[in-house]
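Engineer:
Residue numbers (this note's numbering), protein chains in the order written: chain A, 1 to 309; chain B, 310 to 661; chain C, 662 to 951.
1. Could you check what DSSP says for residue 358 of chain B in three-state terms: helix, strand or coil?
2. First and last residue of the beta strand (DSSP E) that includes residue 310 of chain A?
3. Which residues in chain A sit within 7 Å of residue 423 of chain B, going by Cβ to Cβ distance?
4. In the region 101–113 of chain A, which residues sit with their C-beta less than 8 Å from some C-beta in chain B, listed in chain order?
5. Note down, in chain order, all residues in the region 555–572 of chain B with a beta-carbon under 7 Å from any beta-carbon belonging to chain A.
6. Measure the CB-CB distance between residue 819 of chain C and residue 812 of chain C and report whether it falls below 7 Å.
7. For residue 485 of chain B, go through chain C and note every residue whose CB falls closer than 8 Å to its CB, in chain order.
8. Candidates C/896, C/933, C/888 and C/920: which alpha carbon is nearest residue 871 of chain C's?
9. Taking 7 Å as the threshold (beta carbon to beta carbon), is residue 185 of chain A in contact with chain F?
10. Against chain C, with Cβ distances strictly below 7 Å, would residue 363 of chain B count as a contact?
11. Ignore the nearest five residues each way along the sequence and tell me which others in residue 779 of chain C's own chain have a CB closer than 7 Å to its CB.
12. Along the chain, where does the alpha helix (DSSP H) containing residue 632 of chain B start, and where does it finish?
13. Please report the distance separating the alpha-carbon of residue 295 of chain A from that of residue 238 of chain A.
14. Buried or exposed, going by whether 16 or more other CB atoms sit within 10 Å of the CB of residue 506 of chain B?
15. With distances taken between CB atoms, is the gap from residue 922 of chain C to residue 902 of chain C smaller than 7 Å?
16. Per the DSSP calculation, residue 221 of chain A is bridged to which residue(s)?
17. Using DSSP's beta-bridge definition, name the partner residues of residue 71 of chain A.
18. Just to confirm, is the Cβ distance from residue 545 of chain B to residue 476 of chain B under 7 Å?
19. List the residues of chain C that residue 360 of chain B touches, going by C-beta distances under 8 Å, in chain order.
20. Using a Cβ cut-off of 9 Å, pull out every chain A residue sitting near residue 575 of chain B, in sequence order please.
21. Compare the Cα-Cα distances from residue 189 of chain A to each of A/60, A/213 and A/121 and report the closest residue.
22. Using a beta-carbon distance below 7 Å, is residue 442 of chain B in contact with chain C?
23. Report buried or exposed for residue 697 of chain C, applying the criterion of at least 16 other Cβ atoms within 10 angstroms of its Cβ.
24. Assuming residue 454 of chain B and residue 541 of chain B make a contact with CB atoms under 8 Å, what is their CB distance in whole Å?
25. Hey, out of A/153, A/201 and A/162, whose CA is closest to residue 179 of chain A's CA?
26. Buried or exposed for residue 718 of chain C, going by 16 or more other Cβ atoms inside 10 Å?
27. For the beta strand (DSSP E) containing residue 173 of chain A, name the first residue and the last one.
28. Decide yes or no for the touch test of the region 545–559 of chain B against the region 71–82 of chain A: beta carbon pairs closer than 8 Å, at least 3 of them.
29. Within 10 angstroms of the Cβ of residue 1 of chain A, are there 16 or more other Cβ atoms? Answer buried if so, exposed if not.
30. With 7 Å as the threshold, decide whether the Cβ of residue 326 of chain B is near any Cβ in chain A.
31. Which of the residues in the region 335–357 of chain B, read from start to end, lie with their CB under 8 Å from any CB of chain C?
32. Which residues of chain B have a Cβ atom closer than 9 Å to the Cβ of residue 50 of chain A, listed in chain order?
33. Count the C-beta pairs between the region 9–17 of chain A and the region 205–212 of chain A that are closer than 8 Å, then say yes if the count reaches three, no if not.
34. Please identify the residue among A/255, A/131, A/242 and A/250 whose C-alpha is closest to the C-alpha of residue 264 of chain A.
35. Ignore the nearest five residues each way along the sequence and tell me which others in residue 258 of chain A's own chain have a CB closer than 6 Å to its CB.
36. What are the boundary residues of the beta strand (DSSP E) that includes residue 298 of chain A?
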């Protein structure tokens, strides 16, 4: 059952440049995502493709100078700003990137207990101890400060804090960069286990290989738009089951495959092309592609924004 | 699993030891002392050089307006009494030598040893300085937090406007304002002195002293609030925009709980340093406040020393003030380390 | 790009709503304030005689239409005296700030371009001057130089160069570490050439803004020195002197003698401050978002 449905989301910012001139950045345009309970969907894309912003939008944590468009539905109902505030930390949780998201001047045990208190646990300290034990963190870790944690410990603490309220939807924002292989594997396995136990999980990452390994479905982001949403199994062989040219290029760029990277780079948010955002780098581009941004359509197993798919 | 955790790179298996070795403390203090002595030497030299280069005839400065009527003999006598005619290196050597033994010379204005004068006067100023320091620190911090928490609102704009305006206001004018309003118009406080006029200072009660302390302390506090408020607001706003607060909000934290748990301590760390560093401005402000309210403290003594050409006292006060400012900064540094668990208290270099 | 990185120098839509165009507003503010300050200077020059003219028939008069700021104990018009005093403050402040900023520019350039030893020496000098409370240093220098305008200007100039030097030095260091400067060194250009071509271009905007922001402090310090009695001769209408004279009259209820000139000084200092802030916003938008 679809728990989260993001439809044609757009996010823009107004920024100041030299001489106090104003400039508008369209960072996210036409972003779609569907996640069902018990499903792990990986959101994959290069940095700057709007992945973190999606997480912030769903949680209602966009900065005040952001302008939002499109729709976000949760549990069938529209997720407005107030509802996002109510669900934050309770039904919808964020597992952030790194230990820098923890308060450096407070002990991690206290921070976790505080999180438990926020979701209404009658015995926050107890909840914290249990949460730590569940993740194989020794009791003494509670008295440590964030800067004293190793990479693996930090990952577990962040996950413990996020899940202490037994959320129905977990968004893990880039949980793996800079970590030991073993810790990466452990982190991903943890997320898989959450999905298997019925939680809807969104894994935001730029590591396509890892994502394909552990996800049920994959959403490919490009320059703030969803290029394609497809089963993870489609990422195999030469990638012919993938419908969007960018997805195929991404798959082929992997060292394990052709190791053939795509030339060029993503368009800048203050200067987006009028047509399809991928048009300047697309091997299949035709004149019509310059005219307008393609709407998502179902082709085979994918939901794809491409008129040539 | 547990074994794996301990062997990971970047992990420390226990909190950093808070028991510094005796050697560590001695090292720490020793280094700071050396730095202080270096500064004092510098200030002393600077002061001496300034006096040497001064076009002011020391005898004229000492005697003041009557200088024109001095005869040659009288000038010679004064010069001899105060050793003003000896060659420069000799004077420098003698003065430096005295300094090392703790003798800062004799004040020409008060006709007493400089150390004595400074000691007495400082005690008088201490109540004033301490009150203003505490009040401006606490109030400034709270106002800064309130401003940051209600960012963009009328309250925030008012606090900021108030602080910016105070920052542009001359301290002595604020004092005169309070003097006119509270003392002259309303009659709620005396207009001058540390103790009631005509009464032997030693016989003044605590109540009377506080009554006289009120306006000068208020003046100093009011002026000192502005920078703390603005700085705290800026830091708190920074913290509110940081990853830490983002994650806290993602957990469902908001409002005053968020401020109390995540912002206060993080904003206090730099605020403490600033508050201790403000001792320098406070000393300057006290000169003006004491002048407005005729308060017999160290500030007023500085002005008298300057006007009447009391070189030993002036230089003595400069050195004393340097020590105060330095100690203040060091205490701020240590306080910061105590509050922030990331920095060990007794390490080598001073923190930014 | 994270949401945070993007929202850094931004402005909330709500805030942007009531500011039709921040850029235009800043430019208008700068122009208006510059005009006001120029008017003060002109008025101060023109009213010099009026300010000094005593009128024994109209002593100690509270503010009225004829005398908007009232009159002092010699019957002199206080508004005229205030304007002359403000002009004095602005001139002295400008001069002192300019000298201070120049010292800072030279020293920071020297520190960054002429090697480690110079850098340490300058740094030590900065620490030394910062170790003494401003006002005490001011009194020391003003006394040593025997007062008068030159004494005040030098005293104020010598008190403000350290902070600006620190700032510029940090900036200069950054420039020296950058790639294109390293390249110049490799190509064999001598130290002072590098200083002239690279450093100056980068430091000048910082220098200008620093100078303007130094200005209000310079004015306040000049006023403080005058108030205490160091500096300008007792009959010149420096605001500090007007205020210190007014102390004698306060108990007789002549509140306008202290409050109004001081308030005028506050207004001038605030204007200079706001002007400096707007200029900084125009040249460095990163400082816009509070």
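For each residue, glycine too, the CB sits at the ideal point set by N, CA and C.
Note that the structure is predicted; figures quoted are calculated from it, not measured.
Structural biologist: The short version:
1. helix
2. There is no way to answer for residue 310 of chain A, as the model of chain A reaches only from 1 to 309.
3. Chain A residues near residue 423 of chain B: none, gap ~45 Å exceeds 7 Å.
4. 101, 102, 103, 104, 105 and 106
5. 555, 556, 558, 559, 560, 561, 562, 570 and 571
6. no
7. 904, 907, 908, 911, 919, 920 and 923
8. C/933
9. Protein chains A, B and C are contained in the structure displayed, whereas chain F is not.
10. yes
11. 771 and 772
12. 620–648
13. 26 Å
14. exposed
15. No, Cβ-Cβ distance for residue 922 of chain C and residue 902 of chain C is not below 7 Å.
16. A/226
17. A/7
18. no
19. 805
20. 103, 104 and 105
21. A/213
22. no
23. exposed
24. 6 Å
25. A/153
26. exposed
27. 169–173
28. no
29. exposed
30. For residue 326 of chain B, the predicted model reports a pLDDT of 48, less than 50, meaning its position is unreliable; a value from the coordinates is still stated below. False, the Cβ-Cβ gap to chain A never drops below 7 Å.
31. 348, 351, 352, 355 and 356
32. Result: empty, since nearest Cβ-Cβ is about 17 Å, beyond 9 Å.
33. no
34. A/250
35. 252
36. 297–299
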